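For reference, the structure is listed below as structure tokens.
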Amino acid sequence: MSHFDAIVLGAGAAGLMCAMAAGQRGRRVLLLDHADAPGAKILISGGGRCNFTNTGTEPARFFSANPQFARSALSRYTAGDFIALVEKHHIAYHEKTLGQLFCDGSARAIVDMLLAECEAAGVDLRLRHRVVDVSRADDFRVETDRGAFTAPALVLATGGLSIPKMGATGLSLDIARRFGLPVVEPRPGLVPLTFGEEALALMRPISGVSLPVEARAGGSTFREAMLFTHRGLSGPAILQVSTPWRPGGAVTVDLLPDVDALAWLRARRDERPRAALHTVLAEKLPQRLAAALSTVRLAEHTRPVGELGNKALGAVAAMLKSMALTPAGTEGYAKAEVMAGGVDTAALSSRTMAAKEVPGLHVVGEAVDVTGWLGGYNFQWAWASGWCAGLSV
Ligand code: FDA
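UniProt numbering puts the first residue of the sequence shown at 1, with every later residue one more than the last.
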């Protein structure tokens with residue numbers, strides 16, 4: 001058979017969900033993927049345990065040129081809906097932190113669950129199909145290296161550009177552009193930041209050191225752990241701010257988010273006047289960081305704190321509370337957990353993910369300009385947008 005009611009391109013998180021929902025409505029669905037196996041990113045997600053949703057899902061946890069766009073889909077298919085599906089399949093899970101739900105066992109259980117649902121819904125899953133061309137006469141026609149398929153509805157669900165060595169491609173963006181849909185310039189998101197030599201003089205020697213911080217960039221603030229690396233900065237706080245960060249902009253880090261640094265330093269000056277600055281800093285910061293800051297960033301103040309005047313203490317406190325760092329770039333799609341940007345939401349219905357000007361064409365998941373925070377939000381977007389398209393095709 002080569003004619004279907006709907007063709008879904010990409011058997012990842014959003015494509016599996018979309019095919020399942022459409023199949024359950026009695027639609028004849030073809031789910032096509034070029035990979036050897038479906039759901040590859042689900043399998044590696046969350047360190048192999050898949051952080052499959054977040055109980056705190058709300059539109060404010062997503063970046064998009066139109067932050068309100070995600071509201072409709074997220075309310076039509078909620079974290080609770082996905083949790084109910086997980087429970088129906090007796091998959092054990094737990095909350096790790098901040099509403100993040102992970103499987104107790106392997107992420108494989110989530111892929112198996114979606115495959116079982118798709119099979120029950122009669123979805124025709126075909127792997128190892130390379131898409132050669134997509135065109136449209138009355139129906140969409142998808143030509144692959146293993147035959148051509150037609151359908152009145154086409155769903156673009158091939159995800160984003162992150163991790164190209166896993167087979168990520170820009171196919172959905174290419175097809176969307178060909179049908180005239182605008183695309184918000186894609187860029188790596190949830191990605192470590194890299195720095196030039198000057199900043200690396202501080203960071204490289206303390207690679208591996210991590211501490212809780214408040215990091216700010218592009219108008220967003222995240223309070224989580226930050227990690228120094230050989231190439232710059234990583235850890236959840238940095239991955240989070242990497243998405244709103246734009247080249248040329250600064251990342252500002254509060255190294256002592258719960259501390260009035262000036263009041264604390266003044267008190268320590270009174271109590272331990274003979275202690276070196278780095279010794280005092282090490283009371284609240286990792287020792288290696290305190291030592292590195294004292295020699296690299298605070299060299300002119302490296303003396304007993306009792307000898308530091310109010311102006312000097314103020315400068316130290318200001319540096320600790322808002323260390324401004326300008327990244328040279330990011331570690332790119334090779335290390336990015338997601339692609340930010342994507343098909344412009346202005347061209348899509350927020351209720352059905354259908355292209356407003358191209359009847360039958362839908363875009364779901366990471367290919368859309370909706371990018372979640374770290375913590376299960378990107379899967380919830382994939383499930384929700386896939387579900388809504390599945391109810392529409
Ligand atoms: P997804 O990438 O899942 O699927 C796309 C599918 O399209 C794939 O099966 C691919 O083979 C196929 N495809 C691509 N190009 C094609 C082509 N040219 N022809 C045919 N098929 C093609 N999110 C989260 O919420 N919690 C988490 O724990 C994690 N963890 C995580 C870890 C790592 C290492 C990464 C890289 C990413 C995450 N994510 C995550 C993000 C999450 O994996 C991602 O947002 C979703 O998988 C996106 O779902 P999609 O269905 O849009 O794309």
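Where a beta carbon is used, it is the ideal one built from N, C-alpha and C, also for glycine. Computed from a predicted structure; not experimentally measured.
Rounded Cβ spacing between residue i and residue j (contact assumed at less than 8 Å)
i           : j           : result
residue 9   : residue 158 : 5 Å
residue 70  : residue 62  : 5 Å
residue 354 : residue 361 : 7 Å
residue 54  : residue 99  : 5 Å
residue 278 : residue 291 : 5 Å
residue 151 : residue 389 : At roughly 13 Å, the Cβ-Cβ gap does not stay under 8 Å, so residue 151 and residue 389 are not in contact.
residue 325 : residue 199 : 6 Å
residue 243 : residue 189 : 4 Å
residue 371 : residue 192 : Actually they are not in contact, since the Cβ atoms of residue 371 and residue 192 sit about 16 Å apart, beyond 8 Å.
residue 281 : residue 294 : 7 Å
residue 316 : residue 155 : Actually they are not in contact, since the Cβ atoms of residue 316 and residue 155 sit about 56 Å apart, beyond 8 Å.
residue 52  : residue 365 : The pair is not a contact, with the Cβ atoms about 14 Å apart (cut-off 8 Å).
residue 179 : residue 358 : 5 Å
residue 447 : residue 170 : Since the displayed the chain opens at 1 and closes at 393, residue 447 lies outside it and no answer follows.
residue 176 : residue 213 : Actually they are not in contact, since the Cβ atoms of residue 176 and residue 213 sit about 38 Å apart, beyond 8 Å.
residue 298 : residue 255 : That pair is no contact at about 12 Å.
residue 246 : residue 341 : Not confirmed; about 11 Å, so no contact.
residue 349 : residue 356 : 6 Å
residue 107 : residue 43  : 5 Å
residue 334 : residue 196 : About 20 Å separates the two Cβ atoms, so there is no contact after all.
residue 181 : residue 374 : That pair is no contact at about 28 Å.
residue 223 : residue 257 : 6 Å
Cutoff 8 Å; reference residue i; Cβ partners in own chain excluding five residues on either side
i           : result
residue 124 : 1, 4, 28, 29, 30 and 31
residue 352 : 362, 388, 389, 391 and 392
residue 148 : 2, 141 and 142
residue 268 : 275, 280, 283 and 305
residue 67  : 59 and 60
residue 322 : 252, 253 and 254
residue 138 : 152
Residue i Cβ short of 7 Å to ligand 3 heavy atom set
i           : result
residue 131 : The model on display carries ligand 1 but not ligand 3.
Assigned exposure category for residue i - 16 Cβ within 10 Å defines buried
i           : result
residue 339 : buried
residue 206 : buried
residue 241 : buried
residue 226 : buried
residue 95  : exposed
residue 17  : buried
residue 380 : buried
residue 57  : buried
residue 165 : exposed
residue 97  : exposed
residue 184 : buried
residue 318 : exposed
residue 45  : buried
residue 41  : buried
residue 116 : exposed
residue 49  : buried
residue 396 : Residue numbering for the chain in the displayed model covers 1 to 393; residue 396 lies beyond these limits and cannot be assessed.
residue 64  : buried
residue 23  : buried
residue 310 : exposed
residue 127 : exposed
residue 337 : buried
7 Å Cβ shell around residue i - same chain, five flanking residues per side excluded
i           : result
residue 289 : 206, 209 and 211
residue 304 : 273, 274, 275 and 276
residue 14  : 157, 364, 365, 382, 385 and 386
residue 264 : none
residue 130 : 34, 144 and 145
residue 93  : 86, 101, 102, 103 and 104
For residue i: DSSP bridge partner residues
i           : result
residue 397 : Nothing in the structure corresponds to residue 397, since the chain is present only between 1 and 393.
residue 7   : 30 and 154
residue 193 : 233 and 330
residue 103 : 93
residue 396 : No information on residue 396 is available, as it lies outside the stretch 1 to 393 that the chain covers here.
residue 348 : 355
residue 63  : 371
residue 252 : 216 and 324
residue 124 : 30
residue 184 : 342
residue 54  : 100
residue 276 : 304
residue 363 : 156
Same chain, Cβ closer than 6 Å to residue i, neighbours up to 5 away in sequence not counted
i           : result
residue 312 : 301
residue 38  : 11
residue 21  : 387, 390 and 391
residue 173 : 183
residue 234 : 192 and 227
residue 163 : none
residue 19  : 8, 29, 31, 118 and 123
residue 113 : 89
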